[in-house]
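Q:
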Amino acid sequence: MAEPPRRVRELLLAGLAAVYLAAFASLYVQVPGLYGRDGILPARRVLRLTGQGLWEQFRAFPTLLWLGPSLGLDTELGMELLCLLGVLCSFGALLLEPLRDSLLFALLWVLYFSLYQVGQVFLYFQWDSLLLEAGFLAVLVAPLRLLSWGAPAWRPHDSITFWLVRWLLFRLMFASGVVKLTSRCPTWWGLTALTYHYETQCIPTPAAWFAHQLPVWFQKFSVVATYIIEVAVPVLFFAPIRRLRLFAFYSQVLLQVLIILTGNYNFFNMLTIVLAFSLLDEEHVGRSAGRSKRRNAGSWPPSLRSFLSTLLQLSTYSLLLYWSIQYFSLEINWEKRWLESKVAFTYHEFTTWLRAVTLPLVGLAFLSLSWEILAAMYRCACVRGCFWKLWAMLQWVIFATAAVGVFAISLVPFTYIEPECNGKLWPGIQQAFRAVQRLQLVNSYGLFRRMTGVGGRPEVVLEGSYDGQNWKEIEFMYKPGNVSRAPPVVAPHQPRLDWQMWFAALSHHSSSPWFSSFVHRLLQGQEDVIRLVQVHESQYPFSARPPVYIRAQLYKYWFTSSAEGSHSWWRRQRVQEFFPTVSLGDPLLENLLNQHGLKQDKTPARRPLAAVLPRVLQSLRQLCRPVPGPTILWSLYLVVATACLLRALRRQCRGGAPPTCHKGPRRGDPADRGGAEKNGHMRRREPQERGESRGCGGPEACGGGRHGTKRKK
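Each residue of the sequence shown is one higher than the last, beginning at 4 in this note's numbering.
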């Protein structure tokens, strides 16, 4: 049996804690402007008291914000408190390994779900749903340390819960690749999507400008590589050979790193890389950390198992290469010195293939899960002691049942990619999914379904005026506006208003009801909303007093080309009016606000001024108010990195010289299974048990002790 994933589990939990830290801290700095009493979409209008009891309110609309009034907090301060608790818990879990506990990750999930409930359109992104689903799985993966005396280094059922993370990664990547073709988007079928993507994505980075300048043949080949990584490679997640899984891991990491370099997708790519950690094994992580066990030198001729494994690997790589050449007509044009490619199959052929492989893929996943369940049962049988064997079997039954249940209900959103297969699912599974759907335990995914901005990137530009004649543009911190300003780097922070501005530009303003409220708040001069646009007052043209009139124009933006020799990053052209000229009290604006239920709430705030907690939260808000979101995020990460570095240096100073001569245990020895296994738990062996001193590999290994002990003759 493979080694229990001890280090891999800690790596995944630490990575998820880092993602939670980015999600909570990024949202915290935007709560007043987005959800405050005078924000764009006040959260209090979603969370209205109905006169029911507390338990009935929880059942109807589950969120911890119902507890706010009992703490003297309104909805806005309640959201800030939840964000701060999430930052504190995730910061602690990232910094301290003992805090990466199942209970703490359950608390993080509850906190983020409570915010998601009132987040409205600004929290309805796929990565928010992905974080909730991954956070729920972390509750199953993480050990229960805080309530147990001795924390187990591994549990027999760990491989089962780890498999659920791998299954989530498979659904995410496979669906993201499939929807690009099922959408019938001509750019994806023509392999030209990336010739538009870099300049039309929400918030590009400076590297996106350079990527946009790459030749068309390379952009088309990049689309082919994307299809291979998202559609073909995920099948290798369930491969029985570790090297195929490692190949799949590095393929996914490569794709995510390239996306990070060319686009600001907040914590989404970081979360995807964290999910990909489920493809690693203990040996590979230990080797990367410099603590791997030495393998016995290979013998010749190789064993039949080794030979078949190598043959299967070569066959897999050959098939991937052959199918890529066959289905995308890859051919090198030696005269022009480029690689030609085109889609060599039709939409009908692809949908027929998808219909044929969807259910077999479900079967393959079920076989893989069954193997993990049987392997975990075998580990339970190997636990010493009758009582501990029964305890391990009881845990195995609980977690195996939970895994099968989660897998079953996840089939409903997964088979959305093929409606005919979705209709073949057992009705009981459909009912179970509908029962838990509002908890966001499993979700459907499919990113970049269609490529927008083929004729130019649509962008909404706000303008303000005092007299209705002279207009000044309102520049945002992150989204494109000034053509001479370089694209920013803001990840893992997500400026949610800038993202929604990108979506608003794709259709009429009536499709974005929040936009009318946004214009209304700017006319009122609400500071918290203005800070979503510009943190520094000097960058906001109406910092002295609010504008009397506001309007919005729709522009088309394009990246400049390297051949133009221009000092600008963008060029633009006005298309039409996006939002008409309005002022405070304008009948058009009032009608829009009333139509969407966004009229200003005149109910007085119920916030006890004498309460300590509201004053503390307001003081923290004042401290963080002038600091941009990316600065806060990277400051927190820098503190964690500094603490880890100091801790490593302290450990090195205490431990003395690192062991250089000690030979690791041989395969098959009891120590190879983690060392000193007892009752399904791992206890730390003392140096005397390992036959070595604290400073090095021992007198026999080094040929002498620290003070020159003579060798045995």
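Idealized CB from N, CA, C, for every residue including glycine.
Tell me the rounded alpha-carbon separation between TRP69 and TYR127.
A: Their Cα atoms are separated by approximately 21 Å.
Q: Compare the C-alpha of ARG569 against each of PHE224, TYR268, TRP212 and name the closest.
A: Here the sequence assigns Ser to residue 569, which means Arg is not the residue at that position. The shortest C-alpha separation from SER569 is found at TRP212.
Q: Quick one: grab the DSSP three-state call for TYR268.
A: Residue state, collapsed to three classes: coil.
Q: For ALA547, would you say it is in contact with chain B, using Cβ-to-Cβ distances shorter than 9 Å as the test?
A: The structure shown contains no chain B; it is built from a single protein chain.
Q: What does the alpha-carbon distance come out to for the pair ALA379 and TRP166?
A: C-alpha separation (whole angstroms): 12 Å.
Q: SER162 to LEU143, Cα distance in whole Å?
A: Rounded to whole angstroms, SER162 to LEU143 spans 11 Å at the Cα level.
Q: So, at 7 Å on beta carbons, what are the nonlocal neighbours of VAL22 in its own chain, with the 5 sequence-adjacent residues on each side left out?
A: So the list reads LEU134, PHE270, MET273, LEU274, VAL277, once near-sequence residues are dropped.
Q: Taking the C-alpha atoms as reference points, what is the distance between SER321 and GLU338?
A: Looking at the two C-alpha atoms, the distance is approximately 27 Å.
Q: Comparing alpha-carbon positions, which option in VAL630, THR404, GLN443, LEU184 lies nearest ILE376?
A: Of the candidates VAL630, THR404, GLN443, LEU184, the one whose C-alpha sits nearest the C-alpha of ILE376 is THR404.
Q: Do PHE451 and HIS200 count as a contact pair if the criterion is CB distance below 9 Å?
A: Yes; because the gap between Cβ atoms is below 9 Å, this pair is in contact.
Q: If you scan the region 429-468 from start to end, which runs of the beta strand (DSSP E) of 3 or more residues do you find wholly inside it?
A: Counting only runs of 3 or more, we get 460-468.
Q: With DSSP as the reference, please indicate the residues paired to LYS475 in a beta bridge.
A: Its beta-bridge partners are GLY467.
Q: Taking the alpha helix (DSSP H) that ILE163 falls in, what are its first and last residues?
A: 161-185 is the span of the alpha helix (DSSP H), which, as asked, contains ILE163.
Q: Alpha carbon to alpha carbon, how far is LEU111 from ARG10? Give it in angstroms, no decimals.
A: Going from the Cα of ARG10 to the Cα of LEU111 covers about 22 Å.
Q: Going by CA-CA distance only, name the one from GLN472, LEU30, LEU102, VAL121 that's closest to PHE3.
A: For the chain, the structure presents residues 4 to 716; residue 3 sits outside this window and is missing.
Q: My guess is that PRO550 and LEU535 are in contact by the Cβ rule of under 8 Å, so how many angstroms apart are they, rounded?
A: Not quite, the Cβ-Cβ distance comes to about 16 Å (not below 8 Å), so this is no contact.
Q: Residue range of the beta strand (DSSP E) that LEU342 falls in?
A: 341-343 is the extent of the beta strand (DSSP E) around LEU342.
Q: Is the Cβ-Cβ distance between PRO416 and TYR560 less than 9 Å?
A: No, they are not a contact pair.
Q: I'd like to know whether the C-beta atoms of VAL365 and LEU414 end up nearer to each other than 9 Å.
A: Closer than 9 Å, so yes.
Q: Take LYS762 as the anchor and find which of GLU476, TRP191, SER373, ILE262 has the nearest alpha-carbon.
A: Residue numbering for the chain in the displayed model covers 4 to 716; residue 762 lies beyond these limits and cannot be assessed.
Q: Hey, would you say VAL90 sits closer than 9 Å to TYR38, going by beta carbons?
A: No, the pair does not count as a contact, with Cβ atoms beyond the cut-off.
Q: Could you pull out every residue in the same chain whose Cβ sits closer than 7 Å to the Cβ of ARG169, ignoring the five residues on either side in sequence?
A: Answer for ARG169: PHE240, SER281, LEU282, listed in chain order.
Q: So, for ARG499: in the same chain, excluding its five sequence neighbours on each side, which residues have a beta-carbon less than 7 Å away from its beta-carbon?
A: So the list reads GLN33, LEU37, PHE125, once near-sequence residues are dropped.
Q: Kindly confirm or deny that the region 225-240 and the region 508-515 touch, where touching means at least three C-beta pairs closer than 8 Å.
A: As far as the Cβ criterion goes, the region 225-240 does not touch the region 508-515, which means the pair count is below three.
Q: Spatial neighbours of GLN204 within its chain, please: C-beta separation below 6 Å, excluding the five flanking residues on both sides.
A: Excluding positions up to five away in sequence, the list reads GLY266.
Q: If you draw a straight line from the C-alpha of ARG248 to the C-alpha of GLN434, how long is it?
A: Approximately 34 Å, taken between the alpha carbons.
Q: With a cut-off of 8 Å on the beta carbons, I'd call GLY160 and PHE402 a contact; round off their distance for me.
A: A quick correction: the sequence has His, not Gly, at residue 160. About 4 Å; that satisfies the 8 Å criterion.
Q: Could you check if VAL493 is buried or exposed, using at least 16 other CB atoms within 10 Å of its CB as the buried criterion?
A: Label assigned to VAL493: buried.
Q: For THR361 and PHE177, I'd like the C-alpha separation in whole angstroms.
A: Approximately 11 Å between the Cα atoms of the pair.
Q: Could you tell me which residues DSSP pairs with ILE335 in its beta bridges?
A: Bridge partners of ILE335: LEU342.
Q: Can you give, in chain order, each stretch of the alpha helix (DSSP H) that sits fully within the region 387-420 and has at least 4 residues?
A: Here the runs fully enclosed are 389-417.
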